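Residues in the sequence shown are numbered consecutively from 0, following numbering that gives the first Met the number 0.
Using N, Cα and C, we set each Cβ at its ideal position, and we do this for glycine too.
This one's a predicted model, so the numbers in the text were calculated from it and none came from an experiment.
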Amino acid sequence: MQVTFLGGAAEVGRLAALIEVAGHRFLFDYGFTASKPPQFPERAPPLDALFVTHCHLDHSGLV
């Protein structure tokens, strides 16, 4: 299993955690920081599934 943070690892907001296991890619959350200008995570690769932990913009705003 490999975990890669596409955003949100060093700050609050723009969370996107990519989990790769057994040839499958899963993304947990895909949000942005509502600052001026907004801050976005890196672009996600093709996925097998997306999971949203809760409906705050910093976790689900780009879904």
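Per the DSSP calculation, residue i is bridged to which residue(s)?
i, result
"R24", "E19"
"A48", "F25"
"V62", "V62 pairs with nothing; no bridge assigned."
"F31", "Answer is none; F31 lacks a bridge partner."
"F39", "DSSP lists no partner for F39."
Could you spell out where the beta strand (DSSP E) holding residue i opens and where it closes?
i, result
"G12", "Premise fails: G12 is in no beta strand (DSSP E) and is neither H nor E."
With distances taken from CA atoms, which of the options is nearest residue i?
i, options, result
"F82", "F50, L61, P36, K35", "Because residue 82 is not part of the residues shown, which for the chain are 0 to 62, the question remains open."
Can you have a look at residue i and say buried or exposed, based on whether 16 or more other CB atoms are within 10 angstroms of its CB?
i, result
"G22", "exposed"
"A8", "exposed"
"H53", "exposed"
Just confirm the distance between the C-beta atoms of residue i and residue j, as a whole number of angstroms; I'd bet it's less than 8 angstroms.
i, j, result
"L46", "F25", "7 angstroms"
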